[in-house]
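Numbering (this note's numbering), first residue to last: 104 to 395.
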Amino acid sequence: MYDPSHLRTFLSVAQTLSFTQAARRLGLRQSTVSQHVRRLEDATGRTLFSRDTHSVELTEDGEAMLGFARRILEVHEQATAFFTGTRLRGRLRFGASEDFVLTRLPEILEGFRHEHPEVDLELTVELSGTLHEQLAAGKLDLVLAKRRPEDPRGELVRHDRLVWIGADRLRLDPDRPVPLIVYPPPGITRALALEALERQGREWRVVCTSGSLNGLVAAARAGLGVMAHSRGLIPPGLVRVPDRAGLPELGQVDFVVVHGRRRPSAQGAADALAAAILAGGDRLHRSAPKGL
């Protein structure tokens, strides 16, 4: 009833909220992307996206289709692997940004391990900047991380806005330097926060530095200061700093998957995991259930 190619296109549009970016990701014409979505909507008899000249949003039926589409594609890929007899093997060195510690990334990795039990998956959790350095040095095969604004590499998983967050009770004194909670260099979010404050001419001071997201979140929950963070990944117990605080805009951020040097023994596994992340990218903005 539902064409797998149409479902893949639907997931790409749902994750990027852009027909143009989905077309670029899939290597299709934008008209083809629109056609796939229209045919899927005809098949379901429901409108999956509300769209105008400025924005694309999932409808309630579109939100429901996300889960169905993922499960249908997973079963389709299982059947294909079974009847073609293809089994991936080898060692895959995968790096994930600290930003995804509190999301449902573990579910995606668990599904990958279930589908490809003979792949030896080695996970590294680090700062995005550090992961890019390790990828360039040949120490990783695939990375899921933030991308620097000037960096064109990688396949877009999701596009988000950076915002200032802190404890709900936190009040900033406009006459004192902004108390900052930051990752150490080469953290991408750190660099963007400092650049924004310097452009505004706002004084700042670092009150907490930690290479661990949990460490930063603990400091923020204690009311020590503010931190820059993805709007779709705000940890529980923290809120956006209101506009009246006068902090500068931080701009946008892209989360991407980037391949490293193509090691023959890891290439198939890297391609498969990248495809799983791109297909499940909508899971990467939701808080994980307790215990994950």
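Every residue, glycine too, gets a C-beta built ideally from N, C-alpha and C. None of the values given here were measured: they were computed from a predicted structure.
Close-in-space but distant-in-sequence residues of the same chain around residue i (CB under 6 Å, 5 per side omitted)
i	result
Leu275	Ala348
Arg196	Glu225, Leu243 and Asp244
Val320	Pro338
Thr135	none
Ala369	Gly193, Leu195 and Asp244
Arg250	Gly257, Asp357 and Val359
Ser115	Ala125, Arg128 and Leu129
Proximity of residue i and residue j at Cβ, strictly below 8 Å
i	j	result
Arg308	Pro282	yes
Pro351	Leu300	yes
Phe215	Ala172	no
Gln118	Arg261	yes
Val222	Ala372	yes
Leu230	Gly318	no
Val191	Ala375	It should be noted that the sequence gives Leu, not Val, for residue 191. For Leu191 and Ala375, yes; Cβs fall inside 8 Å.
Arg111	Leu176	yes
Leu234	Phe203	no
Asp263	Phe358	yes
Residue from the options whose Cα sits closest to the Cα of residue i
i	options	result
Val361	Asn317, Pro280, Ser315 and Gly241	Gly241
Arg305	Gln118, Arg324 and Pro277	Pro277
Leu272	Tyr105, Ala325 and Leu205	Before going further, note that residue 272 is Arg rather than Leu in the sequence given. That would be Ala325, whose Cα lies nearest to the Cα of Arg272.
Gly314	Ile284, Ala296 and Gly340	Ile284
Pro252	Phe203, Ala239, Asp244 and Gly232	Gly232
Gly383	Ile211, Ala167 and Arg190	Ile211
Phe152	Leu120, Gln133, Phe197 and Gln237	Leu120
Ile337	Gln370, Arg302, Pro288 and Leu265	Leu265
Ser200	Leu169, Glu236, Asp223 and Glu177	Glu236
Ile268	Arg216, Val228, Arg343 and Pro107	Arg343
Leu169	Ala323, Glu229 and Val140	Val140
Leu341	Phe358, Leu353, Ala322 and Asp357	Ala322
Arg364	Leu238, His109 and Ala296	Leu238
Glu180	Leu353, Asp106, Ala125 and Val116	Asp106
Thr183	Leu161, Pro288 and Glu218	Glu218
Arg334	Gln303, Thr292 and Thr162	Thr292
Proximity test, residue i beta-carbon vs the ligand FAD heavy atom, cut-off 7 Å
i	result
Leu238	Although the ligand FAD was asked about, the structure shown includes no ligands whatsoever.
Close-in-space but distant-in-sequence residues of the same chain around residue i (CB under 7 Å, 5 per side omitted)
i	result
Ala391	Low confidence applies here, because Ala391 scores a pLDDT of 39, under 50, leaving its location unreliable; read the following figure in that light. Same-chain partners within the cutoff: Leu205, Thr206, Arg207 and Pro209.
Val228	Ala199, Glu201 and Val204
His109	His139, Arg142 and Leu143
Gln133	Phe122, Thr123 and Ala126
8 Å CB neighbourhood of residue i in its chain, flanking five on each side removed
i	result
Asp164	Thr147, Arg149, Thr150 and Leu151
Ala377	Leu245, Glu258, Val360 and His362
Gly328	Gly269, Leu273, Val281, Pro282, Leu283, Ile284, Val310, Cys311 and Ala322
Leu353	Arg264, Leu265, Val266, Trp267, Leu295, Ala296, Ala299 and Ala331
Arg302	Pro351
DSSP beta-bridge partners of residue i
i	result
Met330	Ile268
Phe358	Lys249 and Arg261
Please go through the segment 188-248 and give each complete beta strand (DSSP E) segment of 3 or more residues, from N-terminal end onward. 193-200 and 222-229
Within the segment 239-326, ranges of the alpha helix (DSSP H) (whole runs, at least 4 residues): 291-303 and 316-324
Which whole runs of the alpha helix (DSSP H) in the segment 110-138 are 4 residues long or more, in chain order? 122-129
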